[in-house]
Amino acid sequence: MNYERLSDNSMSDWKAVRRIIARGRRFVVTTHLYPDGDAVGSSIALLRLLRAMGKSAGALLPSPVPAMYRFLRGESWLRTYRRTHEKLLSSADVIFILDSSTNDRLGALYETMQQIESTRICIDHHPNNSVSAELKVIDTRACSTAQMVYDLFHACGLKIDTHTAEALYTGIHTDTVSFNFLGTTARTHEIAADLLAKGVDAKRAWTKIYRNDTPGLLKLAGLVLSGLHTADRGRIAWTTVTRKQWQRLRVNPRDTESFTRYPLTLHKVGVIAFFCEEAERRVRVSLRALDKTDVGRIARAFGGGGHQTSSGVTMREPLSRAIAMIIRAIERGK
């Protein structure tokens with residue numbers, strides 16, 4: 002396979018992508034399991050780009066779109082993959098894989114993609130990308146995949162309308178944690194300003210994304226925070242949620258991802274870990290770093306992935322053992 006690398010300050014690096022788009026007729030866009038704002042926003046934006054170029058384009062995602070992102074125009078184009086979609090997938094000339102750094106993050110889609118001859122293009126901003134694709138465009142300096150799709154629009158000479166701008170803004174806003182982390186630079190704000198100038202209502206976007214908490218979720222947050230732990234003189238902080246806790250309050254465990262933000266306000270904290278016991282011997286771990294600890298490296302050591310400052314992994318271990326393993330790795334990784 003041939004791999005190409007993107008430099009975020011050179012439009013010429015998108016030429017190979019443009020050539021493949023020009024040759025193809027039918028396209029499928031996909032992204033990772035449990036799609037976040039960047040995955041959803043960049044997928045919608047890329048679909049709009051392909052359709053603007055006169056292509057037949059659809060999206061098949063390995064997991065449903067979270068409710069918080071269903072306000073985006075074009076969300077209904079993102080279908081959850083089923084085995085009945087195999088014919089649609091196999092008929093595609095090109096499959097775009099967005100915001101995914103490993104094959105297993107594609108779920109059942111990857112198994113089907115191995116059996117077809119479609120050209121695969123991966124567009125991603127995560128380090129250590131190992132996705133199988135004929136063309137990989139990776140920019141670890143980009144704050145989000147949405148930023149890269151923004152660049153692709155300009156490389157193709159296409160205008161960004163308000164609905165596309167809103168999708169891209171959502172991807173950038175969520176992946177940078179409200180423009181605070183993960184590669185936020187002056188250019189990030191320049192792009193955001195351009196998207197706002199194209200008609201994005203920042204207050205509406207914030208309201209739709211973040212004002213979705215239920216009383217049960219807030220009660221669960223209270224339980225989680227009451228069990229806050231710290232180590233290494235306050236440098237490490239972690240919280241946990243057990244199956245019994247989220248089941249008792251009838252909360253979807255996937256809705257607890259936002260809980261990683263609460264310990265960020267702790268004085269002197271450098272690394273935050275959140276452990277969610279989703280099932281017996283299955284613990285979802287979310288890691289955030291405010292100091293120089295590379296939590297991406299820590300997550301990869303356990304089969305996960307992510308960035309230096311933000312990463313995650315699902316561990317097939319009892320909750321207590323998963324906590325001990327991760328905290329020990331953080332202590333060693335300083």
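The opening position of the sequence shown corresponds to residue 2 in the numbering used here, with each subsequent residue numbered one higher.
The C-beta atom is built at its ideal place from N, Cα and C for all residues, glycine as well.
If you're wondering where the values come from, they're calculated on a predicted model, not measured in any experiment.
Whole angstroms is fine: what's the gap from residue i's alpha carbon to residue j's?
i	j	result
Ile-328	Val-225	17 Å
Ser-131	Arg-106	11 Å
Ala-53	Gly-304	38 Å
Val-95	Arg-71	26 Å
Phe-275	Gly-25	43 Å
Leu-99	Trp-78	15 Å
Glu-258	Ser-287	8 Å
Val-169	Ala-193	Note that residue 169 is Leu in the sequence shown here, rather than Val. Roughly 9 Å separates the two Cα atoms.
Lys-204	Ile-117	43 Å
Asp-295	Ile-331	9 Å
Phe-260	Gln-248	17 Å
Arg-236	Gly-271	5 Å
Leu-267	Arg-27	50 Å
Arg-285	Pro-36	15 Å
Ile-324	Gly-42	32 Å
Ala-290	Ser-57	41 Å
Met-149	Asn-181	19 Å
Thr-141	Gly-223	35 Å
Tyr-4	Lys-16	In this prediction, Tyr-4 has a pLDDT of 42, which is less than 50 and means its spatial position is unreliable; nothing more can be read from the coordinates.
Leu-320	Lys-220	21 Å
Met-2	Thr-189	At Met-2, the pLDDT of 37 sits below 50, so the modelled position is not reliable and the matter cannot be decided from this model.
Near residue i, which residues of its chain fall below 8 Å by C-beta distance, leaving aside the five closest residues on each side in sequence?
i	result
Gly-306	Ser-102, Thr-103, Arg-106, His-127, Asn-129, Gly-297, Ala-300, Ser-312, Gly-313 and Val-314
Ile-122	Val-18, Ile-21, Val-95, Ile-96, Phe-97, Ile-98, Ala-134, Glu-135, Leu-136, Lys-137 and Val-138
Ser-119	Val-29, Leu-90, Ser-91, Ala-93, Asp-94, Val-95 and Ile-96
Asn-10	Model confidence at Asn-10 stands at a pLDDT of 37, short of 50, so the residue's coordinates are unreliable; what they give is reported in the following sentence. Within the same chain, Asn-10 has no close Cβ partners at all.
If I'm right that residue i touches residue j with Cβ under 8 Å, what's the distance once you round it to whole angstroms?
i	j	result
Leu-51	Arg-80	Actually they do not touch by this definition, with Cβ atoms about 15 Å apart.
Arg-282	Arg-255	Actually they are not in contact, since the Cβ atoms of Arg-282 and Arg-255 sit about 18 Å apart, beyond 8 Å.
Gly-108	Leu-47	19 Å between Cβ atoms; not a contact.
Glu-76	Thr-113	Not really, about 23 Å apart at Cβ, beyond 8 Å.
Would you give the residue range spanned by the alpha helix (DSSP H) that residue i belongs to?
i	result
Val-18	16 to 24
Ala-325	320 to 333
What does a CB cutoff of less than 6 Å around residue i pick up in its chain, not counting 5 residues either side in sequence?
i	result
Arg-244	Glu-278
His-230	Trp-239
Keeping to the same chain, check which residues put their C-beta closer than 7 Å to that of residue i; ignore five residues upstream and five downstream.
i	result
Arg-20	none
With residue i as the anchor, note down where its beta strand (DSSP E) starts and where it stops.
i	result
Ile-117	First-last for Ile-117: undefined, no H or E at that position.
Arg-262	Careful: Arg-262 lies outside any beta strand (DSSP E) and carries neither H nor E.
Completely contained alpha helix (DSSP H) runs for the stretch 170 to 255, where each covers 4 or more residues: Within the stretch 170 to 255, the runs of alpha helix (DSSP H) that reach at least 4 residues and sit entirely inside it are, in chain order, 187 to 198, 203 to 211, 216 to 227 and 244 to 249.
Whole runs of the alpha helix (DSSP H) within the stretch 24 to 112, excluding any shorter than 4 residues: Counting only runs of 4 or more, we get 38 to 53 and 87 to 91.
List in chain order: all unbroken beta strand (DSSP E) runs of 3+ residues lying wholly within the stretch 114 to 157. If you keep only unbroken beta strand (DSSP E) runs of at least 3 residues inside the stretch 114 to 157, you get 120 to 125 and 136 to 139.
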